[in-house]
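Following: one structure in structure tokens, then a few remarks.
Protein chains in written order, with my numbering: chain G, 8 to 119; chain L, 144 to 256.
In structure tokens form, the structure reads like this:
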């Protein structure tokens, strides 16, 4: 069966510090991968998606970037965090061509 | 711009009651629609997926319907239990197999024993 992992589970970082969040998927090959953010009082928003290694699409301009160095690994990064980057970050995957998405446990990021 | 609205924002019911959660959308050109459950501080659990060509899907006590012409989907929960307490989110996919999901803000359900 397929499993999706995210780490860390929680993170507290000062403004201006770098960020690296990691997501890995097990039990499938060549998945679509997604990063979403859930901010307090706002709905879930897609940040990035990837259909293959090195292929990243960004949905909104922001302080963040994403990379996919391996087939089942998706990384969310920032060089300098802003207060507005605080939120709950969720990674998701889908089988290419199917459309149904499955979510990981999330990372709670607090920027202080 | 596609918008997804979920009403009510919060709902409290006694255990055993049947209930309906609503999701409305402005653009009916969807690829599919998913209903999710989110427990506090947790990720999303996929409950049901309805393809654009389908009218409804059922899983256990859950039944989801889709009416594209009226821009509505409903999630019916039969014989509610305290364990059903969570936030329920609907999400629309307009972009095909690689498209992003556009989420409503959810309905927070509380089922009281």
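Beta carbons: idealized from backbone N, C-alpha and C, even for Gly.
Segment limits, beta strand (DSSP E) that includes residue 181 (chain L): If you number the second chain from 1, residue 181 (chain L) lands on position 38. First-last of the beta strand (DSSP E) with residue 181 (chain L): 175–181.
For residue 182 (chain L) and residue 24 (chain G), the rounded distance between their alpha carbons: Start at 1 with the first residue of the first chain, and residue 24 (chain G) comes out as number 17. Start at 1 with the first residue of the second chain, and residue 182 (chain L) comes out as number 39. Near 30 Å, if we compare the C-alpha coordinates of residue 182 (chain L) and residue 24 (chain G).
Short CB-CB distance (under 8 Å) between residue 51 (chain G) and chain L: Locating residue 51 (chain G) in the first chain gives position 44, counting from the first residue. At least one chain L Cβ lies under 8 Å of residue 51 (chain G).
Inter-stretch contact at 8 Å, needing at least 3 Cβ pairs: the segment 62–80 of chain G / the segment 26–33 of chain G: yes
Nearest-angstrom Cβ-Cβ length linking residue 112 (chain G) and residue 186 (chain L), presumed shorter than 8 Å: Taking the first chain and counting its residues from 1, the one referred to as residue 112 (chain G) is at position 105. Taking the second chain and counting its residues from 1, the one referred to as residue 186 (chain L) is at position 43. Contact flag correct, Cβ pair sits at about 5 Å.
Assigned exposure category for residue 84 (chain G) - 16 Cβ within 10 Å defines buried: Against the first chain, residue 84 (chain G) aligns to sequence position 77. Counting Cβ neighbours within 10 Å, residue 84 (chain G) comes out exposed, since fewer than 16 surround it.
Contacts around residue 56 (chain G), its chain only, beta-carbon distance under 6 Å, and the 5 residues preceding and following it disregarded: Sequence index remark: in the first chain, residue 56 (chain G) carries index 49 (1-based). So the qualifying residues of the chain are 41, 64.
Residue 221 (chain L) and residue 179 (chain L) closer than 8 Å at C-beta: As a working mapping, residue 221 (chain L) is identified with position 78 in the second chain. As a working mapping, residue 179 (chain L) is identified with position 36 in the second chain. Contact flag unset, no.
Contacts of residue 110 (chain G) in chain L (Cβ-Cβ under 7 Å): Along the first chain, one-based indexing puts residue 110 (chain G) at 103. Ordered by position in chain L, the residues that pass the 7 Å Cβ test against residue 110 (chain G) are 186, 187.
Chain L within 8 Å of residue 96 (chain G), Cβ atoms only: In the first chain, the residue the question calls residue 96 (chain G) occupies position 89. No, because no Cβ of chain L sits closer than 8 Å to the Cβ of residue 96 (chain G).
Cβ pair count under 8 Å reaching 3, the segment 145–165 of chain L against the segment 90–110 of chain G: no
Contact list for residue 66 (chain G) against chain L, beta-carbon separation under 8 Å: Residue mapping note: residue 66 (chain G) aligns to position 59 of the first chain, counting from 1. Here the neighbours are 243.
Range covered by the beta strand (DSSP E) that runs through residue 22 (chain G): Counted from its first residue, the first chain places residue 22 (chain G) at position 15. Per DSSP, residue 22 (chain G) belongs to no beta strand (DSSP E) and is neither H nor E.
DSSP beta-bridge partners of residue 193 (chain L): Here residue 193 (chain L) refers to the residue found at position 50 of the second chain. BP columns for residue 193 (chain L) point to L:176.
Residue from G:114, G:44, G:61 whose Cα sits closest to the Cα of residue 16 (chain G): For the purposes of this step, residue 16 (chain G) is taken as the residue at position 9 of the first chain. Cα-wise, what sits closest to residue 16 (chain G) is G:114.
Own chain, CB closer than 6 Å to residue 211 (chain L), minus 5 neighbours either side, in chain order: Position 68 of the second chain holds residue 211 (chain L). Correct list, in chain order: 171.
Below-8 Å beta-carbon distance, residue 200 (chain L) vs any chain G residue: One-based indexing of the second chain puts residue 200 (chain L) at position 57. False, the Cβ-Cβ gap to chain G never drops below 8 Å.
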